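Residue numbers (the numbering used here): 83 to 501. Glycine included, C-beta positions come from ideal geometry on N, C-alpha and C. Being a predicted model, the structure only gives us computed values, none of them experimental. Below is one structure, written out as structure tokens, with a few remarks after it.
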Amino acid sequence: MSYVRGLKCRECGQAYPEKGVHVCETCFGPLEVQYDYAAMRGKVTRESISAGPRNLWRYRDLLPINGTPRSGLHSGMTPLKRARNLEKVLGVRELYIKDDSANYPTWSYKERVVSVAITKAIELGYDTVGCASTGNLANSVAAHAAEAGLRAFVMIPHDLEQGKVLGSLIFNPTMVRIEGNYDDVNRLCSEIADKYRWAIVNVNLRPFYTEGAKTFGFEIAEQMGWKLPKHTVCPTAGGTILPKIYKGYREFIHLGLVEDNQPRIYSAQAAGCNPVVEAIQAGRDLIKPQKPKTIAKSIAIGNPADGFYVVQAVKESGGWGADATDAEIVDAIKLLARTEGTWTEPAGGTTLAATIKLIESGRIPRDESICVCITGNGLKTVEVVVDQLEPPASIPPSLDAFDRLMSGRATTETLPVAV
Ligand SMILES: *Cc1c(COP(=O)(O)O)cnc(C)c1O
Ligand SMILES: [Zn+2]
């Protein structure tokens, strides 16, 4: 049973069948999956969803597949944590962390988009998948392709963190480092998608891929007890996740699964790559491309494909945007770890740092519910904290030495922290 009714151009409305196409032939607008929401009424309910599997496929009625899920059978349903310690530090009443640093199998939000794209690639008869990636997407495509028995080609910028590079290589894809930034990688992948019959998940399978990101929003709503947070702060890279969380909220409202509390959504970017936040703050719809320069490499996209739709979702919801310097990003990573026991990568540090700015500037009121979207895991980006943490003391194995350390008399010899 599928409620999908094909693809449609977001700009001119032209209809397309479900296949590996992503731009309109007439106006070059992006294509989006269409659903028959009227047919879902009374069938897609809180009960039907609750009875589903404990993974992201519990929302399959709202995802663009026709057969059975072929990938991601253990992905999604990540923790939504009430962040009581952080509430105290920030002086807010109700704060949640939606934690995709714990998303199986490669520890980022990308499992969501990849689970849908790989299932769709198999449905459409592809035997090879690929992606243009800032690291996490490559990890996820490589892992899901290995499990599904597909060939994988993953393309990344040449200067990524070691954890991101090894985090793909271990799954044995063909990996190519491109001597350029992400925008160069993406352009090359568009040309590859035109020439080879491959499913490039975020290029020609993009309409299906992006729908997977809705599950991040669905889970927030369900895990809050079928309620929406009033304020959701979300990182922006290519611009997939933010509009799709918002779309997920709107779909749940439309189906009567949650009350419409007029949820607001906010974009977080690094100051060294903030084309979307810059446009939001300047009150412009169009994005001015930038050359990224930030430690937040997973969200360093200077010319975001769906940046325009991020601005639209933020504006429509009454949200805003905030950016964070590299130093603020590292501070926020450390703050989240020591208050809530969650180690995120710079994308998550960016989101928390932006949340703090939005609270302090009064854009987000202190007495309303706030959800911070944590999208990636800190173990992949040890480089950004290795020089920022106090190295442990090193002592001989004697109680005497330990006592001296406790009384503060020991000279603490520093251990080199190897990367
Ligand atoms: C890909 C990614 C994002 C967001 O990317 P979008 O293209 O805007 O969806 C955010 N955080 C992390 C860790 C990512 O890997
Ligand atoms: Zn069109």
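query                                                                                                                                                                                 : result
Assuming V211 and A234 form a contact by the criterion Cβ under 8 Å, report the distance between their Cβ atoms to the nearest whole angstrom.                                        : 6 Å
Determine the direct distance from the alpha carbon of E422 to that of G400, and round the result to whole angstroms.                                                                 : 29 Å
Measuring only from the beta carbon, is F390 closer than 8 Å to any heavy atom that is part of ligand 2?                                                                              : no
Please list, in chain order, all residues with a C-beta atom less than 6 Å from at least one heavy atom of ligand 2.                                                                  : C91, E93, C94, Q96, C106, T108, C109, G111
Could you tell me the distance, in whole angstroms, from the CA atom of A353 to the CA atom of R164?                                                                                  : 28 Å
Under DSSP, the alpha helix (DSSP H) around D367 begins and ends at which residues?                                                                                                   : First-last for D367: undefined, no H or E at that position.
Determine the burial state of T256: buried for a count of at least 16 other Cβ atoms within 10 Å of its Cβ, exposed for fewer.                                                        : exposed
Measure from the C-beta of N385 to each C-beta in chain D and report whether the shortest distance is under 9 Å.                                                                      : This model lacks chain D altogether, as it is built from one protein chain only.
Could you pull out every residue in the same chain whose Cβ sits closer than 7 Å to the Cβ of A429, ignoring the five residues on either side in sequence?                            : P317, A378, S380, I381, T457, G458
By DSSP, does R264 sit in helix, in strand, or in coil?                                                                                                                               : Arg is not the amino acid found at residue 264; the sequence shown has Tyr there. Residue state, collapsed to three classes: helix.
Measure from the alpha carbon of G294 to the alpha carbon of each residue in V396, V283, P478, then state which is nearest.                                                           : V283
If you scan the segment 425-455 from start to end, which runs of the alpha helix (DSSP H) of 4 or more residues do you find wholly inside it?                                         : 428-442
Restricting to Cα atoms, I'd like to know which of D342, Y331, D182 is closest to N137.                                                                                               : D182
Assess, as a yes-or-no matter, whether the segment 339-359 is touched by the segment 382-402 under the definition of 3 or more beta carbon pairs within less than 8 Å.                : yes
Could you check the C-alpha separation between S389 and L368 for me, to the nearest Å?                                                                                                : Here residue 389 is Gly; the residue named in the question, Ser, does not match the sequence. So the two alpha carbons sit approximately 8 Å from each other.
Within 10 angstroms of the Cβ of F110, are there 16 or more other Cβ atoms? Answer buried if so, exposed if not.                                                                      : exposed
Take the Cβ of R279 as the centre, count every other Cβ of all protein chains shown within 10 Å, and call the residue buried at 16 or more, exposed below.                            : exposed
In this structure, does DSSP put F235 in helix, strand or coil?                                                                                                                       : strand
If we ignore side chains and look at the alpha-carbon of each, how far apart do M488 and P478 end up?                                                                                 : 14 Å
Going residue by residue through the segment 352-413, where are the continuous beta strand (DSSP E) segments of at least 3 residues, counting only ones entirely within it?           : 403-406
Rounded C-beta distance between G245 and V464? I'm assuming under 8 Å.                                                                                                                : 7 Å
Identify whether K101 lies in helix, strand or coil by the three-state DSSP scheme.                                                                                                   : coil
Go ahead and label H336 buried or exposed: buried means 16 or more other beta carbons lie within 10 angstroms of its beta carbon, across all protein chains shown.                    : exposed
Please work out which residues of its chain come closer than 6 Å, Cβ to Cβ, to E176, disregarding the five sequence neighbours upstream and downstream, and give them in chain order. : S451
Which same chain residues, not among the five before or five after G330, have their C-beta less than 6 Å away from its C-beta?                                                        : K296, G299, F300
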